[in-house]
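*Asks:*
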Amino acid sequence: MILCADIGGSFIDFAVVSPDGRVAHRQAEPTPIHDIRAFADILTKLCAPWPDVALHIAIAGVENPETGVVHAANIPCLANAPLTSLLQERTQRKVLIANDADCFALAEARFGVARGHKNVFGVILGTGVGGGLVIDGRLVRGLGGVTGEWGHGPFIIPPPATPPGLDLSGVIPSFRCGCGQTGCLDTIAGARALERLHLWAGGSAATSREILTQWESGEPEAGRTMDIYLAYLGSALALVVNTTGATIIPVGGGLGGSAALIAAIDRGVRQKILVQCDAPLVVQAVLGRDAGLLGAACLECESERR
Ligand SMILES: [Zn+2]
1050 MILCADIGGS FIDFAVVSPD GRVAHRQAEP TPIHDIRAFA DILTKLCAPW
1100 PDVALHIAIA GVENPETGVV HAANIPCLAN APLTSLLQER TQRKVLIAND
1150 ADCFALAEAR FGVARGHKNV FGVILGTGVG GGLVIDGRLV RGLGGVTGEW
1200 GHGPFIIPPP ATPPGLDLSG VIPSFRCGCG QTGCLDTIAG ARALERLHLW
1250 AGGSAATSRE ILTQWESGEP EAGRTMDIYL AYLGSALALV VNTTGATIIP
1300 VGGGLGGSAA LIAAIDRGVR QKILVQCDAP LVVQAVLGRD AGLLGAACLE
1350 CESERR
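Numbering of the sequence shown is given in my numbering, commencing with residue 1050 and proceeding in unit increments.
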């Protein structure tokens, strides 16, 4: 068994996970986001009843495998912290850490809707856009620990110079992204971004959930917004499929709860990829809030594999 913690900006979700994916002794604690000592204390307390059992962590952040430094925007006390070594020392056990979207992808590949697929690209459509890539059951980790971040990188960009006579007034603006770039997919495809897009497209102020409900009932304002949303999201995801060879894309996160949205994304993606594919590619994830813990349980030590 493995001790697993799914750590977000609000809560630390903790459980003991068995190799076949059974979750036991589940408990939650508020995340001390401003005090790294309190942060380590809570994990030490949670682990204490199981001495010498490894702790695997899914975190809303990224650990740089070269430096061991973690960057987690919603947990400021971890800034520049060598978290793995710190927690190994404090909890007196082996600790492995991975991004929560990566753990989500790994969990859906091993235990969820993507079981049996060789190439899995897991997508989080929540407040922002995230993802993780699993090939042959193994998490792929790239430069600086980053993989699967299909929501980032300038995507909606104006031409370097507007050619004379070309009217760009109706072109979607390049919104500034939290990553420092402008025009990332994340600036139109996350929940808050969808709400802003709706306003930009002439819609009334509404939550992402309301926009989806209005769209599903055929309301034209929401329909206009969702046409734009789906066009950009589908294009980006088609590029992901063509690049990674993913044969299934489980979608989780708040927006992933809409079956109609997932079906519409799936239709758009299959129209845009190079290969004709008759079976659904983009599907709803099935593991819900267990995904982070289950994925963390599947983390293996990369150094041991080499
Ligand atoms: Zn970005």
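Heads up, the beta-carbon is just placed ideally off N, CA and C, and yes, glycines get one too.
Using the DSSP secondary-structure output, state which residues sit across from L1052 in a beta bridge.
*Replies:* The partner list for L1052 (beta bridge, DSSP) reads V1065 and L1104.
*Asks:* Closest by CA to C1233, which one among P1203, A1240 and A1089?
*Replies:* Nearest of P1203, A1240 and A1089 to C1233, Cα basis: P1203.
*Asks:* CB of C1233 to nearest heavy atom of ligand 1: below 8 Å?
*Replies:* C1233 Cβ: within cutoff of ligand 1.
*Asks:* Below 7 Å CB to CB, which residues in the same chain sit around A1380 once its five sequence neighbours on both sides are set aside?
*Replies:* In the structure displayed, the chain extends from 1050 to 1355; residue 1380 sits before or after that span and is not available.
*Asks:* For a test of the three-state rule: what should DSSP assign to T1231, helix, strand or coil?
*Replies:* In this structure, T1231 counts as strand in the three-state DSSP scheme.
*Asks:* In chain order, what residues of the same chain have a beta carbon less than 8 Å from the beta carbon of R1225, not counting five sequence neighbours either side?
*Replies:* Contacts found: T1231 and T1236.
*Asks:* Checking 9 Å against the spacing of the C-beta atoms, do I1106 and V1300 come in under that value?
*Replies:* Contact flag unset, no.
*Asks:* I need the boundaries of the alpha helix (DSSP H) containing V1220, first residue and last residue.
*Replies:* Per DSSP, V1220 belongs to no alpha helix (DSSP H) and is neither H nor E.
*Asks:* Within 9 Å of any Cβ in chain B, is that where the Cβ of A1242 sits?
*Replies:* Protein chains in the displayed structure number just one, and chain B is not present.
*Asks:* Using the Cα positions of I1056 and V1290, report the straight-line distance between them to the nearest angstrom.
*Replies:* Spanning the two alpha carbons is a distance of roughly 29 Å.
*Asks:* In the DSSP output, what is L1174 paired with across the bridge?
*Replies:* Answer is V1178, bridged to L1174.
*Asks:* Report back the beta-carbon spacing between V1066 and A1346 to the nearest angstrom; my notes put them in contact at under 8 Å.
*Replies:* Right, their Cβ atoms sit about 4 Å apart.
*Asks:* In three-state DSSP terms, what is G1302?
*Replies:* Reduced to three states, the DSSP call for G1302 is coil.
*Asks:* Find the nearest neighbour of H1247 within the set S1223, D1276 and G1267, judged by alpha-carbon distance.
*Replies:* Answer by Cα proximity: D1276.
*Asks:* Within the continuous beta strand (DSSP E) that includes P1208, where are the two ends?
*Replies:* It is not in any beta strand (DSSP E) - P1208 carries neither H nor E in the DSSP assignment.
*Asks:* Could you tell me which of R1245, L1336, A1097 and I1322 sits nearest to G1177, measuring between CA atoms?
*Replies:* Of the listed residues, the one whose Cα sits closest to G1177 is R1245.
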